[in-house]
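> In the UniProt record's numbering, the protein residues as written are 1 to 195.
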Ligand SMILES: Nc1nc2c(ncn2[C@@H]2O[C@H](COP(=O)(O)OP(=O)(O)O)[C@@H](O)[C@H]2O)c(=O)[nH]1
Ligand SMILES: Nc1ncnc2c1ncn2[C@@H]1O[C@H](COP(=O)(O)OP(=O)(O)O)[C@@H](O)[C@H]1O
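#1: Counting only runs that start and end within the stretch 37 to 112, where is the alpha helix (DSSP H) found for 4 or more residues in a row?
#2: Confirm the yes/no value for this check: CB of residue 77, any heavy atom of ligand 1, distance under 7 Å.
#3: Which residue marks the beginning of the alpha helix (DSSP H) containing residue 131, and which one marks its end?
#4: What does the alpha-carbon distance come out to for the pair residue 169 and residue 72?
#5: If you drop the 5 nearest sequence neighbours on each side, which residues of the same chain put their C-beta closer than 6 Å to that of residue 58?
#6: Under three-state DSSP, which class holds residue 181?
#7: When DSSP labels each residue in this structure, what does residue 34 get in the three-state scheme?
#8: If you reduce the DSSP assignment to three classes, tell me which class residue 166 lands in.
#9: How about the stretch 8 to 24 and the stretch 116 to 132: do they share at least three Cβ pairs that are nearer than 8 Å?
#10: Look up residue 188 in the DSSP assignment and say whether it is helix, strand or coil.
#11: To the nearest angstrom, how far is it from the Cα of residue 125 to the Cα of residue 78?
#12: Is residue 136 helix, strand or coil by DSSP?
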């Protein structure tokens with residue numbers, strides 16, 4: 001019998017070390033699967049990089065705004081990343097209304113955030129994106145957005161994150177972007193996405 005309300009969407013959690021190509025791959029996945037799939041825009045207290053737009057790349061909040069919204073219970077998950085004093089988090093408002101409309105929502109978040117989000121959405125589809133160590137360092141340097149010290153720190157965090165890949169339902173090696181996107185689209189179709 002046809003139903004007035006669509007079947008709810010699924011949460012899709014994508015993690016992987018910084019520089020592995022998450023943003024590149026997720027952008028290509030969205031190009032292919034929007035509007036059936038949308039990206040949750042995270043909130044952060046870090047400063048925008050040149051060209052980043054508030055509400056599009058991140059919701060850029062002051063530390064005070066972030067803390068107030070955290071205290072009000074507005075985050076699905078949030079945490080301080082890289083130990084630099086910058087906070088990142090997923091606002092519940094970015095997730096619930098879209099799921100209720102039947103859209104699938106991608107969270108591009110770190111492994112600790114993923115664990116917290118799973119507590120509230122245990123059925124979430126989890127995908128870990130990997131690549132070997134040397135290629136990771138090459139990509140971080142090629143991006144030219146981070147200092148040497150930042151790159152060292154990101155590589156340290158990367159090793160810790162890679163150790164958790166097996167906790168994800170799927171692991172995808174980002175060898176070639178088109179191939180990676182094919183694999184992710186296939187995973188989502190297998191999980192029931194009708195796009
Ligand atoms: N827990 C959590 N982590 C996030 C969120 N958004 C981004 N991150 C993580 O924050 C880290 C830093 O992000 P950013 O400074 O934008 O650098 P990028 O990884 O190079 O794009 C990455 O590890 C992201 O996965 C979020 O909403 N929640
Ligand atoms: N499959 C790939 N092969 C080669 N380079 C890639 C691939 N995917 C992404 N890159 C490049 O690697 C760098 C890091 O990618 P980015 O998407 O910013 O990673 P992340 O979001 O995981 O930090 C960028 O310069 C990007 O163009």
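Where is the CB? At the ideal position from N, CA and C, for every residue including glycine.
From the atom records:
#1: With a minimum length of 4 residues, the unbroken runs of alpha helix (DSSP H) contained wholly in the stretch 37 to 112 fall at 63 to 71 and 96 to 101.
#2: In this structure, ligand 1 has a non-hydrogen atom nearer than 7 Å to the beta-carbon of residue 77.
#3: Here residue 131 belongs to no alpha helix (DSSP H), and DSSP marks it neither H nor E.
#4: Straight-line Cα distance between these residues: approximately 32 Å.
#5: Cβ within range, chain order: 42 and 44.
#6: Residue state for residue 181 is assigned as helix, using DSSP reduced to three classes.
#7: Taken through DSSP and simplified to helix, strand or coil, residue 34 comes out as coil.
#8: The answer is helix: DSSP assigns residue 166 an H, G or I state.
#9: By the Cβ test, the stretch 8 to 24 is in contact with the stretch 116 to 132, since at least three Cβ pairs between them sit closer than 8 Å.
#10: Looking at residue 188 - three-state DSSP - the assignment turns out to be helix.
#11: Pairing residue 125 with residue 78, the inter-Cα distance amounts to about 19 Å.
#12: Here residue 136 carries a helix assignment [DSSP, helix/strand/coil].
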